[in-house]
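K.L.:
Got a structure for you, written out below as C-alpha cells; questions coming shortly.
Chains as they are written, first to last, in this note's numbering: chain V, 1 to 348; chain S, 349 to 425.
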C-alpha cells in the first residue's frame with residue numbers, strides 16, 4: 001500500500017484491515033449539493049473504492065456560496081459529472097459512477113442494492129423518505145444530514161438493526177411548512193460541519209470501526225454552538241410496515257387539499273406534451289425563452305396538461321386554484337432547478 | 349407544575365426559543381402533545397419529536413420534571 005493513506009493508517013484503531021475494507025466498499029451519495037460537496041471529497045481522499053454520485057441537477061451561481069466542490073467554470077454543467085471529475089483528480093485509485101438522474105421509487109432499490117452505505121445529502125423530504133424506505137427494504141445502512149438556516153441534524157440509520165429516519169419522524173411533513181434552503185437561506189459553514197460529521201460516520205461504517213454512533217440524533221446550531229446528541233429507539237412497527245410493502249411507494253407529502261395539483265420535476269416525465277405557463281410578473285427575471293413556455297395571458301389549450309410555475313411555486317399554487325382547466329398543475333420547485341430541467345431537455 | 353419548553357428550527361421562529369407551560373406531573377407524552385397543540389396554534393401542521401433528559405420519548409412514556417425539547421425535521425441539504 002502506498003503512502004496516500006499513511007495518516008489514517010497511523011491512527012489507533014484503524015490499520016490495514018480498515019483501509020482494505022474501505023478499498024472494497026461502495027458508497028452511494030444521493031445529492032451532490034451542499035452536503036454532498038462536503039462529504040464526497042472525504043470519501044474519495046480516504047480511499048472508498050467505489051462511489052456513486054446521484055444528482056440530476058446542474059451547477060448554478062447561487063450554489064457556489066456553499067457547494068465548494070464547484071467553480072464558476074462549472075456553471076450549467078451536471079453536478080454528478082463535475083463532482084466525479086474533481087474527485088477523480090483527487091484520487092485516481094477509486095471508481096466513480098455518475099448517475100445524473102432523479103432518485104425515484106422505481107429505480108431506488110436497484111441503485112442501492114449492491115452498495116454498503118447510502119449517504120443522504122438531499123434537500124427535500126420526498127427523497128429523504130424514499131432513501132429511508134429503499135434502505136430499509138434492502139437492508140442497507142444510511143446516514144442522513146439536513147439543514148435549516150444555521151442549524152443541522154445528522155444520524156446514522158438502519159445500521160445493524162438500528163433505528164431509522166421514520167423512527168424519528170414517522171411521516172413526511174408538507175414542504176409548505178418546512179421551507180428549504182432556496183427559500184430561507186443556509187449558513188455556508190454549516191454545510192461543512194454537518195457534512196464532516198456525516199463523512200466521519202460514513203468512514204467508520206465503511207471501515208468497519210466499532211464506534212459507529214447509531215440510535216442518536218446529533219444536532220448543532222452554529223449561531224450559539226448549542227448541540228445535542230439525543231437517543232432514539234427503533235420503532236419496529238414503522239420498520240416492519242416498510243419492509244412488508246409489495247413495492248416501494250412514491251412518497252406522498254401531506255400537502256392538504258391541494259397536493260393533487262403539485263408537481264415536482266421528477267413527475268414531469270409522466271406527462272405527455274406538457275405546456276409550461278409562467279405566472280410571474282411580466283419582465284420578471286430570469287426571462288425564459290423556450291418553445292414549451294408561454295405567458296399566463298395566452299389562451300391555454302384544453303388538450304395538453306398545463307403546468308404553472310413561478311420563482312418558488314407559491315404564486316403558481318395560487319393560480320392553479322383559480323384557473324379553470326381540466327388538467328392544470330403547478331410546479332413546486334425553485335425556478336433555477338426548472339431552468340436546469342429545461343436546459344437538460346434541450347440537450348437531450 | 350411549570351415546565352420549560354425549548355423549540356428548535358422553524359419552531360423557534362414561530363413560538364420563540366424558550367417558553368413555559370403548566371402541566372400536571374406524571375402525564376404521558378401523548379397527553380403532552382395534545383396540550384402543546386392546544387397552546388401553540390399551528391404546531392399540529394408539523395411533524396415533530398419530543399425529547400427529555402437527552403432522549404426522544406414515545407407517546408406512552410411519562411414526563412419527568414426536566415425541560416421538554418421540541419424538534420421538527422429539517423429538509424435542507
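The C-beta atom is built at its ideal place from N, Cα and C for all residues, glycine as well.
What are the residues of the region 359 to 390 of chain S that lie near chain V, defined by any Cβ-Cβ distance shorter than 8 Å?
P.N.:
none
K.L.:
Between the region 216 to 223 of chain V and the region 54 to 63 of chain V, can you find at least three pairs of beta-carbon atoms closer than 8 Å?
P.N.:
no
K.L.:
Answer with yes or no whether the minimum CB distance from residue 232 of chain V to chain S is below 8 Å.
P.N.:
As a first step, residue 232 of chain V is located in the first chain; it is residue number 232 there, counting from the start. At least one C-beta of chain S is nearer than 8 Å to the C-beta of residue 232 of chain V.
K.L.:
Quick one: is residue 400 of chain S buried, meaning 16 or more other Cβ sit within 10 Å of its Cβ, or exposed?
P.N.:
Taking the second chain and counting its residues from 1, the one referred to as residue 400 of chain S is at position 52. Classification of residue 400 of chain S: buried, given that the 10 Å Cβ count is 16 or more.
K.L.:
Taking Cβ positions, are residue 326 of chain V and residue 62 of chain V nearer each other than 8 Å?
P.N.:
As a working note, residue 326 of chain V is residue 326 in the first chain. As a working note, residue 62 of chain V is residue 62 in the first chain. No. Outside cutoff.
K.L.:
Tell me the DSSP secondary structure of residue 412 of chain S in three-state form.
P.N.:
To locate residue 412 of chain S, count along the second chain from 1; it is residue 64. Here residue 412 of chain S sits in coil by DSSP.
K.L.:
Along chain V, which residues have their Cβ under 9 Å away from the Cβ of residue 415 of chain S?
P.N.:
Along the second chain, read from residue 1 onward, the residue named residue 415 of chain S stands at position 67. Here the premise fails: no neighbours, minimum Cβ distance about 12 Å.
K.L.:
Is the number of C-beta pairs between the region 222 to 241 of chain V and the region 160 to 170 of chain V that are closer than 8 Å three or more?
P.N.:
yes
K.L.:
Tell me the DSSP secondary structure of residue 267 of chain V in three-state form.
P.N.:
Position 267 of the first chain, counted from the start, is the residue given in the question as residue 267 of chain V. Residue state, collapsed to three classes: helix.
K.L.:
Mind reading off the beta-carbon distance from residue 48 of chain V to residue 18 of chain V? Whole number of angstroms is fine, and I expect it under 8 Å.
P.N.:
By 1-based counting over the first chain, the position of residue 48 of chain V is 48. By 1-based counting over the first chain, the position of residue 18 of chain V is 18. Between residue 18 of chain V and residue 48 of chain V the Cβ distance is about 12 Å, and since that is not below 8 Å, they are no contact.
K.L.:
Is there at least one Cβ from chain A nearer than 8 Å to residue 117 of chain V's Cβ?
P.N.:
Given the protein chain composition of this structure (V and S), no chain A is represented.
K.L.:
In whole angstroms, what is the alpha-carbon distance linking residue 312 of chain V and residue 279 of chain V?
P.N.:
Numbered from its first residue, the first chain carries residue 312 of chain V at position 312. Numbered from its first residue, the first chain carries residue 279 of chain V at position 279. For residue 312 of chain V and residue 279 of chain V, the distance between alpha carbons rounds to 11 Å.
K.L.:
Just confirm the distance between the C-beta atoms of residue 94 of chain V and residue 50 of chain V, as a whole number of angstroms; I'd bet it's less than 8 Å.
P.N.:
The residue labelled residue 94 of chain V in the question sits at position 94 within the first chain. The residue labelled residue 50 of chain V in the question sits at position 50 within the first chain. Indeed, because the Cβ distance is near 7 Å, the residues count as touching under 8 Å.
K.L.:
Looking at the unbroken alpha helix (DSSP H) that takes in residue 127 of chain V, where does it start and where does it end?
P.N.:
For the purposes of this step, residue 127 of chain V is taken as residue 127 along the first chain, with counting starting at 1. Per DSSP, residue 127 of chain V belongs to the alpha helix (DSSP H) from 125 to 138.
K.L.:
Distance, Cα to Cα, residue 255 of chain V vs residue 290 of chain V?
P.N.:
On the first chain, residue 255 of chain V is found 255 positions in, with the first residue counted as 1. On the first chain, residue 290 of chain V is found 290 positions in, with the first residue counted as 1. A caution first: residue 255 of chain V carries a pLDDT of 41, below 50, which makes its placement in the model unreliable, though a value can still be read off. C-alpha separation (whole angstroms): 30 Å.
K.L.:
Determine, for residue 422 of chain S, whether the minimum Cβ-Cβ distance to residues of chain V falls below 8 Å.
P.N.:
Numbered from 1 along the second chain, position 74 holds the residue referred to as residue 422 of chain S. Output row for residue 422 of chain S: interface = yes.
K.L.:
Counting only beta-carbon separations shorter than 8 Å, does residue 113 of chain V have a partner in chain S?
P.N.:
Counting from one through the first chain, the residue named residue 113 of chain V turns up at place 113. No, because no Cβ of chain S sits closer than 8 Å to the Cβ of residue 113 of chain V.
K.L.:
Measuring only between beta-carbons, confirm whether residue 122 of chain V sits less than 8 Å from chain S.
P.N.:
Along the first chain, read from residue 1 onward, the residue named residue 122 of chain V stands at position 122. By this cut-off, residue 122 of chain V is an interface position.
K.L.:
If I follow the unbroken beta strand (DSSP E) through residue 145 of chain V, where does it start and stop?
P.N.:
As a first step, residue 145 of chain V is located in the first chain; it is residue number 145 there, counting from the start. Residues 142 to 148.
K.L.:
For residue 310 of chain V, does the three-state DSSP call read helix, strand or coil?
P.N.:
Looking up residue 310 of chain V in the first chain gives position 310. Residue 310 of chain V: coil per DSSP, three-state reduction.
K.L.:
Residue 51 of chain V bridges to which residues according to DSSP?
P.N.:
Looking up residue 51 of chain V in the first chain gives position 51. According to DSSP, which records beta bridges pairwise, residue 51 of chain V is partnered with V:27, V:96.
K.L.:
Once the 5 residues before and after residue 271 of chain V are set aside, which same chain residues still bring their CB inside 6 Å of it?
P.N.:
On the first chain, position 271 is the one that residue 271 of chain V refers to. So the qualifying residues of the chain are 305.
K.L.:
Cβ of residue 83 of chain V within 8 Å of Cβ of residue 69 of chain V?
P.N.:
The count along the first chain starts at 1 and reaches residue 83 of chain V at position 83. The count along the first chain starts at 1 and reaches residue 69 of chain V at position 69. Yes, Cβ-Cβ distance for residue 83 of chain V and residue 69 of chain V is below 8 Å.
K.L.:
Using only alpha-carbon positions, find the residue among V:148, V:149, V:109 that is nearest to residue 133 of chain V.
P.N.:
Here residue 133 of chain V corresponds to residue number 133 of the first chain, with the count starting at 1. Closest option to residue 133 of chain V, Cα to Cα, is V:109.
K.L.:
Any C-beta of chain V sitting closer than 8 Å to the C-beta of residue 394 of chain S?
P.N.:
Here residue 394 of chain S is taken as the residue at index 46 of the second chain, counted from 1. By this cut-off, residue 394 of chain S is an interface position.
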